[in-house]
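Residue numbers for the sequence shown follow our numbering, beginning at 1088 and rising by one. For every residue, glycine included, the Cβ atom is placed at its ideal position computed from N, Cα and C.
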Amino acid sequence: MAMLRVESYEDLTQACAQSKSEYQILCVFMQIDSLLTEPGHNDVATAYLHVLHNTNMPVRRSMTFSAVRNCADAEAPNWNLVVVGLVSNADQTLPNDQQIQSFLSDMKMRILNGFIDGFIVFDRNGDVVDVQAMVEASYDPSALN
């Protein structure tokens, strides 16, 4: 998929649904504790994040952020950001369960190390969040399974 500009979760699912490829959407739900500006560097902030829950599903045109939020709230009601990634095989098919778990594991490690390039971050309303901050992450290891 070429670079695309999305402003909402529904924009993302619509773009995927119009593609020739089948996509699996990976979601990592997080809670942000604080956003601190570094002294003397007002343009640099540090976010303290906790991974709370993750899930994945094939992208469907009918997917809504409201449904995703409701499912996430059932597992981890305190989340306030969701980091979303898309995966597809080179032959435009959906990855298998083993590939998905590998992608999710890699995605979580990248997030925890502050590398969120290539992912889209949404708030609880399904709006895109422009994240340009250094990330110091902590996590509950049980949330990584």
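Residues near residue i by beta carbon distance below 8 angstroms, same chain, minus five either side
i     : result
P1145 : E1109, Y1110, Q1111, I1112 and L1181
V1215 : V1093, E1094, S1095, I1207, V1208 and F1209
R1148 : T1100, Q1101 and A1104
Run of the alpha helix (DSSP H) containing residue i, from where it starts to where it stops
i     : result
D1160 : F1152 to E1162
F1190 : D1184 to L1199
Y1110 : Per DSSP, Y1110 belongs to no alpha helix (DSSP H) and is neither H nor E.
Q1101 : Y1096 to A1104
Neighbour-count burial assignment, residue i, 16 or more Cβ in a 10 Å radius
i     : result
K1195 : buried
N1141 : buried
A1159 : buried
Chain-order list of residues whose beta-carbon lies under 7 angstroms from that of residue i (same chain, five-residue window excluded)
i     : result
K1107 : Q1179
A1163 : F1116, L1139 and H1140
Option in the options with minimal Cα separation from residue i
i     : options                       : result
N1143 : M1117, D1204, G1172 and I1203 : G1172
N1176 : L1168, V1170, Q1185 and M1150 : Q1185
H1137 : V1169, A1161, C1158 and T1151 : V1169
R1156 : G1213, D1098 and E1097        : G1213
D1098 : L1199, T1151, Q1188 and D1204 : T1151
Own chain, CB closer than 6 angstroms to residue i, minus 5 neighbours either side, in chain order
i     : result
N1232 : Low per-residue confidence applies at N1232: pLDDT is 47, beneath 50, and the placement is therefore not dependable, though the value from the model is reported in the following sentence. Excluding sequence neighbours, N1232 sits near nothing in its chain.
V1174 : Q1111, P1182 and F1190
Segment limits, beta strand (DSSP E) that includes residue i
i     : result
D1210 : I1207 to D1210
L1168 : L1168 to V1174
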